[in-house]
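**Student:** Sharing a structure below in structure tokens format, with a few things to ask.
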Amino acid sequence: MDKKKVKLRLENISQSYVVNNKVFDAVSDISLDVYDNEFLVILGPGHCGKSVLLNIIGGLEKSVEGNTYLDGEKLVGSDKRIGMVFQKLALMPWKTVMGNVEFGLQMAGVNKDIRRETAQKYIDLVGLKGFEKSYPNQLSGGMKQRVGIARAYTNNPEILVMDEPFGQLDAQTRYSMEEEVQRIWQQEKRTVIFVTNNIEEAVYLGDRIVLLSECPATVKEIYDIDLPRPRDTIDPKFLSIRKEISENTDLAL
Amino acid sequence: MKKHIVLSESEKKELRRKQIYKVLPVVSIVLLIALWLFASSFGNAQFPSPIATWDRLLELLRKPIKNLSLWGHILISLQRVFTALLLSWVIGVSFGIVLGWSKKCNALFGPIFTAFRAVPPLAWIPLITIWFGTGEGSKVLIVFIGALMPVVVNTQAGMSNVNKLYLDVGTIFNANSRQMLFQIAIPSALDAIFAGIRTSASAGWMVVLAAEMLGAKAGVGFLITRGMDSGDQALVLLSMICIGIVGAILAIVTQIAEGVICPWTRKRSN
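Going down the list, the protein sequences come from chains Y and V.
Under the numbering used here, the final residue of the first sequence carries the number 253; numbering is consecutive throughout.
Under the numbering used here, the final residue of the second sequence carries the number 1270; numbering is consecutive throughout.
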């Protein structure tokens, strides 16, 4: 336990918005350490706080209060060491699978041969070999999110942030994508911060689960999940953890 | 057994339903010609019949007007349209991108442009004729004005409505502002830009005919005025039919071009 190295530190993060002339607090005073190479799940009810927290980590939003440190160094704006898989996919419809996956490296000015080679590696890893030239609208929901995952990995981030990546998938696809994400994570170890509102998904994937409260989001509890992987969703231990978290979760209205 | 009957019944229905989509366009054309025949059978050729119009076509192909066959006139009109369209696409798309992407430029030019665009292109004809005469350049300029508006308006709309999600992806991957514009904003606005290009093609085709009708020595619009001046109704009708057909072909061509240049929009419809 002591060997764990802190990769990302969130310090007293608060975020508020002005909605209809009223101040709305989305996140209130969240402090959190994320360890190197761990699979951290942020679990929260409703639509409050989770994505905001990720947007702050990814540099898409600036928090009203608090700071974020990566390897002890303060983060300002978007950092290329942090990759993101978006809830709404955000694949560019005008780019092929290859075009989308190599996008990050293209922005970084990497030459074509090298970026194609790297992109191909991750396209193969997520199981999309043969679909390089397809456009996103020719793919199923699960395949699209695989593209999103490959795109994030291709840029070789140290931290991978996933914002409810499977929220829009049907249950069956969701299960198989959860297995996929776990397989990919074990094959290509990174620090993953995974947001979900699904307790089962959280217990299946997380090394640790950070349970957030209802609005404004605060850290309610942090669970260490010591079950061996791949986890069995009907194992009594799995179910008892699931039940424990479930009873501690605020109801989302 | 029963299941089989139900299935084949629905299959038959499906087939019939599909056939009707092939039959309906033919029905409408046949009906139109029937109506045309019926209308032209009254009042001593006040309205030329299909046969008279067809004869006029054959005559026009044999006996050119102003040394130009029908194709020659169509070609001249098309030449004017394409010169103007090309200019309007280059200038209109660039201007639209600037207006849609830069809030400052939009604040600077937006109001003027909105007022400018409310003036119908044909209203420019007198001034342009006074300034530049009735030559080729003036006609191209009028068509250019008519075609420019839809291109600018659509491009601007597309550029100012770039999905924030795509820009977020750019931010996450540290795209610089040039990459944001050329790799994200412009490609995502291509749909809208093409909508503008399609509208401009049909607008340009309409405006060129109007411009030609007000003074030209060749072109389809000139054919119509010639027909009107000489009481040659068959020629007027024939020209109108040509305008319709060429306009439809233009629309199809721009649609195909869009499918080739933006293959992702084509595949969406499947």
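Ideal placement from N, C-alpha and C gives every residue a C-beta, glycine not left out.
If I follow the unbroken alpha helix (DSSP H) through residue 1253 of chain V, where does it start and stop?
**Tutor:** The sequence position of residue 1253 of chain V within the second sequence is 253, counting from 1. Its alpha helix (DSSP H) spans residues 1233-1261.
**Student:** Would you mind telling me which residues of chain Y sit closer than 7 Å to residue 1264 of chain V, beta carbon to beta carbon, in chain order?
**Tutor:** For this step, residue 1264 of chain V is matched to residue 264 along the second sequence. Under the 7 Å cutoff, chain Y gives 93, 94, 135 and 137.
**Student:** Measuring only the C-alpha atoms, how far is residue 1268 of chain V from residue 91 of chain Y?
**Tutor:** On the second sequence, position 268 is the one that residue 1268 of chain V refers to. On the first sequence, position 91 is the one that residue 91 of chain Y refers to. Because residue 1268 of chain V carries a pLDDT of 48, less than 50, the predicted location of this residue cannot be relied on, and no value is offered for it.
**Student:** Could you check how far apart the C-beta atoms of residue 1154 of chain V and residue 1193 of chain V are, in whole angstroms? I think they sit under 8 Å.
**Tutor:** As a working mapping, residue 1154 of chain V is identified with position 154 in the second sequence. As a working mapping, residue 1193 of chain V is identified with position 193 in the second sequence. Correct: roughly 6 Å between the Cβ atoms.
**Student:** Along the chain, where does the beta strand (DSSP E) containing residue 33 of chain Y start, and where does it finish?
**Tutor:** Here residue 33 of chain Y is taken as the residue at index 33 of the first sequence, counted from 1. Residue 33 of chain Y -> beta strand (DSSP E) spans 22-35.
**Student:** Starting from the beta carbon of residue 80 of chain Y, find every residue of chain V whose beta carbon is closer than 7 Å, and list them in chain order.
**Tutor:** Here residue 80 of chain Y corresponds to residue number 80 of the first sequence, with the count starting at 1. Per Cβ cutoff of 7 Å: 1174.
**Student:** With distance defined between alpha-carbon atoms, name the residue in Y/136, Y/86, Y/12 and Y/81 nearest to residue 94 of chain Y.
**Tutor:** On the first sequence, position 94 is the one that residue 94 of chain Y refers to. Nearest option by C-alpha distance: Y/136.
**Student:** Run through DSSP, which three-state label would residue 1063 of chain V get?
**Tutor:** For this step, residue 1063 of chain V is matched to residue 63 along the second sequence. Of the three classes helix, strand and coil, the one that applies to residue 1063 of chain V here is coil, per DSSP.
**Student:** Report the CB separation of residue 179 of chain Y from residue 230 of chain Y in whole angstroms; it is logged as a contact under 8 Å.
**Tutor:** Here residue 179 of chain Y refers to the residue found at position 179 of the first sequence. Here residue 230 of chain Y refers to the residue found at position 230 of the first sequence. Contact holds; Cβ gap of about 7 Å.
**Student:** For residue 1002 of chain V, I'd like the list of residues in its chain whose CB is within less than 7 Å of its CB, leaving aside the five on either flank, ordered along the chain.
**Tutor:** Translated into the one-based positions of the second sequence, residue 1002 of chain V becomes position 2. Residue placement at residue 1002 of chain V is poorly supported in this model, since its pLDDT is 45, which falls under 50; the coordinates still yield a value, given next. Closer than 7 Å at Cβ, skipping near neighbours: no residue.
**Student:** At least one CB of chain V closer than 8 Å to the CB of residue 238 of chain Y: is that the case?
**Tutor:** In the first sequence, counting from the first residue as 1, residue 238 of chain Y sits at position 238. It does not; no Cβ of chain V falls within 8 Å.
**Student:** If we cut at 8 Å on Cβ distances, does residue 162 of chain Y have a partner in chain V?
**Tutor:** Looking up residue 162 of chain Y in the first sequence gives position 162. No, residue 162 of chain Y does not count as interfacial toward chain V.
**Student:** For the structure I just gave you, are there three or more beta carbon pairs, one from the region 1154-1169 of chain V and one from the region 1130-1138 of chain V, closer than 8 Å?
**Tutor:** They do not touch, by the three-pair rule.
**Student:** For residue 1188 of chain V, which of helix, strand or coil comes out of DSSP?
**Tutor:** The sequence position of residue 1188 of chain V within the second sequence is 188, counting from 1. Helix, per DSSP.
**Student:** Can you check whether the CB of residue 1142 of chain V is closer than 8 Å to the CB of residue 1207 of chain V?
**Tutor:** Reading the second sequence from its first residue, position 207 is the one you call residue 1207 of chain V. Reading the second sequence from its first residue, position 142 is the one you call residue 1142 of chain V. Yes. Within cutoff.
**Student:** Restricting to Cα atoms, I'd like to know which of V/1156, V/1204, V/1222 and V/1051 is closest to residue 1212 of chain V.
**Tutor:** Here residue 1212 of chain V corresponds to residue number 212 of the second sequence, with the count starting at 1. When each option's Cα is compared against that of residue 1212 of chain V, the closest is V/1222.
**Student:** Just how far apart, CA to CA, sit residue 1119 of chain V and residue 1089 of chain V?
**Tutor:** By 1-based counting over the second sequence, the position of residue 1119 of chain V is 119. By 1-based counting over the second sequence, the position of residue 1089 of chain V is 89. Residue 1119 of chain V and residue 1089 of chain V: Cα-Cα distance of roughly 19 Å.
**Student:** Determine the extent of the beta strand (DSSP E) in which residue 221 of chain Y is found, giving its start and end residues.
**Tutor:** Position 221 of the first sequence, counted from the start, is the residue given in the question as residue 221 of chain Y. Unbroken beta strand (DSSP E) run through residue 221 of chain Y: 219-224.
**Student:** How close, in whole Å, do the beta carbons of residue 55 of chain Y and residue 11 of chain Y come, if the pair is a contact with beta carbons under 8 Å?
**Tutor:** The sequence position of residue 55 of chain Y within the first sequence is 55, counting from 1. The sequence position of residue 11 of chain Y within the first sequence is 11, counting from 1. Wrong, their Cβ atoms sit about 17 Å apart, outside the cutoff.
**Student:** Within the continuous beta strand (DSSP E) that includes residue 159 of chain Y, where are the two ends?
**Tutor:** By one-based count along the first sequence, residue 159 of chain Y stands at place 159. Element bounds for residue 159 of chain Y: 159-163.
**Student:** Which runs of the alpha helix (DSSP H), 4 residues or longer, sit entirely within the region 1055-1102 of chain V?
**Tutor:** The qualifying runs are 1070-1101.
**Student:** Buried or exposed, going by whether 16 or more other CB atoms sit within 10 Å of the CB of residue 1125 of chain V?
**Tutor:** Here residue 1125 of chain V is taken as the residue at index 125 of the second sequence, counted from 1. With 16 or more Cβ atoms within 10 Å of its Cβ, residue 1125 of chain V is classed as buried.
**Student:** Can you tell which of Y/47, Y/69 and Y/101 has its C-alpha closest to the C-alpha of residue 13 of chain Y?
**Tutor:** Against the first sequence, residue 13 of chain Y aligns to sequence position 13. The option with the nearest alpha carbon to residue 13 of chain Y is Y/69.
**Student:** Locate the alpha helix (DSSP H) running through residue 283 of chain Y, then write down its first and last residues.
**Tutor:** Because chain Y is modelled from 1 through 253, residue 283 of chain Y falls outside the range shown and cannot be assessed.
**Student:** Thinking just about the alpha-carbon of each residue, which of Y/141, Y/47 and Y/20 is nearest to the one in residue 176 of chain Y?
**Tutor:** As a working note, residue 176 of chain Y is residue 176 in the first sequence. Measuring from the Cα of residue 176 of chain Y, the nearest candidate turns out to be Y/141.
**Student:** Just checking: is the beta-carbon of residue 1021 of chain V within a distance shorter than 8 Å of some beta-carbon in chain Y?
**Tutor:** Walking along the second sequence from the start, residue 1021 of chain V turns up at place 21. Chain Y contact via Cβ: absent.
**Student:** Expressed to the nearest angstrom, what Euclidean distance is found between the alpha-carbon atoms of residue 1242 of chain V and residue 1053 of chain V?
**Tutor:** Here the question's residue 1242 of chain V lines up with position 242 in the second sequence. Here the question's residue 1053 of chain V lines up with position 53 in the second sequence. One C-alpha to the other measures close to 12 Å.
**Student:** Check whether the Cβ of residue 20 of chain Y lies closer than 8 Å to any Cβ atom in chain V.
**Tutor:** Taking the first sequence and counting its residues from 1, the one referred to as residue 20 of chain Y is at position 20. Not closer than 8 Å to any Cβ of chain V, the Cβ of residue 20 of chain Y fails to qualify, so no.
**Student:** With distances taken between CB atoms, is the gap from residue 120 of chain Y to residue 61 of chain Y smaller than 8 Å?
**Tutor:** The sequence position of residue 120 of chain Y within the first sequence is 120, counting from 1. The sequence position of residue 61 of chain Y within the first sequence is 61, counting from 1. No, the pair does not count as a contact, with Cβ atoms beyond the cut-off.
**Student:** Taking the C-alpha atoms as reference points, what is the distance between residue 1270 of chain V and residue 122 of chain Y?
**Tutor:** Taking the first residue of the second sequence as position 1, residue 1270 of chain V is located at position 270. Taking the first residue of the first sequence as position 1, residue 122 of chain Y is located at position 122. Since pLDDT at residue 1270 of chain V reaches only 39, below the 50 mark, its modelled position is unreliable, and the value read off the structure follows with that caveat. Rounded to whole angstroms, residue 1270 of chain V to residue 122 of chain Y spans 28 Å at the Cα level.
**Student:** What residues in the region 1141-1174 of chain V bring their beta carbon closer than 9 Å to a beta carbon of chain Y?
**Tutor:** Flagged, chain order: 1163, 1165, 1166, 1168, 1169, 1170, 1171, 1172, 1173 and 1174.
**Student:** For a contact defined as C-beta to C-beta under 7 Å, what are the partners of residue 1239 of chain V on chain Y?
**Tutor:** Locating residue 1239 of chain V in the second sequence gives position 239, counting from the first residue. What residue 1239 of chain V touches in chain Y: nothing, since even the nearest Cβ is about 41 Å away.
**Student:** Does DSSP put residue 1136 of chain V in a helix, a strand or coil?
**Tutor:** As a position in the second sequence, residue 1136 of chain V is number 136, starting the count at 1. Here residue 1136 of chain V sits in helix by DSSP.
**Student:** List, in order along the chain, the chain Y residues whose C-beta lies closer than 7 Å to that of residue 1179 of chain V?
**Tutor:** Sequence index remark: in the second sequence, residue 1179 of chain V carries index 179 (1-based). By Cβ distance, chain Y contributes 107.
**Student:** Does the beta-carbon of residue 240 of chain Y have 16 or more other beta-carbons within 10 angstroms, so that it is buried, or is it exposed?
**Tutor:** As a position in the first sequence, residue 240 of chain Y is number 240, starting the count at 1. That one is exposed.
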